[in-house]
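The structure appears below as structure tokens.
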Amino acid sequence: MAAGCPYCGVDDCETKFHACLDRDFSDPEYGVVHHLTVSTYMLQHGRYTDENVHAMAEFVLAYLDEPPNQHARSEIRQRSDGSRRIIRRGEESRSLVLRCQDSIGDVDLSTPENYRTSVRRWAEAVARAARGPSRVSD
Numbered sequence: 276m277a278a279g280c281p282y283c284g285v286d287d288c289e290t291k292f293h294a295c296l297d298r299d300f301s302d303p304e305y306g307v308v309h310h311l312t313v314s315t316y317m318l319q320h321g322r323y324t325d326e327n328v329h330a331m332a333e334f335v336l337a338y339l340d341e342p343p344n345q346h347a348r349s350e351i352r353q354r355s356d357g358s359r360r361i362i363r364r365g366e367e368s369r370s371l372v373l374r375c376q377d378s379i380g381d382v383d384l385s386t387p388e389n390y391r392t393s394v395r396r397w398a399e400a401v402a403r404a405a406r407g408p409s410r411v412s413d
């Protein structure tokens, strides 16, 4: 039996993440929370640089109930692609682990409404853990 992901505890979480992305891109009723799906997965899996974890958690919390405006999307894209990048590229993941029981394994793909609700719940839990005192060292 394969061990769960060291970040979220879910077996084959990347497969579930890609299933979510497929829904996001194929059905606009799912895609309305795409910004949360990607940001939350990246937060929970240590993909953001240490300097940007708090800012990304704030981004997630600010846009839980609505998609980000064009300015916010441009800012995030510029940071991730530009010289002030926010995403790790080939670096070791941070040594800090988020203490959060929610994971992509809790995302319900059965209907758009269930999907949006479960993604928002997961996103809020992870973002609050990322910005709060529940981040602890291994």
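Anchor point for the sequence shown: position 90 equals 365 in my numbering, and the numbering is continuous, going up by one each time.
From the three backbone atoms N, C-alpha and C, an ideal C-beta is built for every residue, glycine too.
Residues of its chain near residue i, where Cβ-Cβ distance is below 6 angstroms and the 5 sequence neighbours each way are ignored
i	result
Cys-375	Ala-400, Val-401 and Ala-404
Lys-291	Ile-379
C-beta contact flag for residue i and residue j at 9 angstroms
i	j	result
Tyr-316	Ile-379	yes
Glu-313	Leu-336	Before going on, a small fix: residue 313 reads as Val here, not Glu. Not in contact: Val-313 and Leu-336 (Cβ atoms no closer than 9 angstroms).
Arg-395	Asp-340	yes
Arg-348	His-310	yes
Val-308	Tyr-390	yes
Own chain, CB closer than 7 angstroms to residue i, minus 5 neighbours either side, in chain order
i	result
Pro-387	Asp-302, Glu-304 and Tyr-305
Under the three-state DSSP convention, the category residue i falls into
i	result
Asn-389	helix
Ser-378	coil
Cys-280	coil
Val-401	helix
Close beta carbons around residue i, own chain, < 8 angstroms, minus the five adjacent residues each side
i	result
His-329	Ala-405 and Arg-406
Contact test: residue i Cβ vs the ligand NAD heavy atom, cutoff 8 angstroms
i	result
Glu-399	Ligands are entirely absent from the displayed structure, and the ligand NAD is therefore not among its contents.
Ranges of the alpha helix (DSSP H) found wholly within the region 292-342, counting only runs of at least 4: 303-306, 309-319 and 328-337, all fully within the region 292-342.
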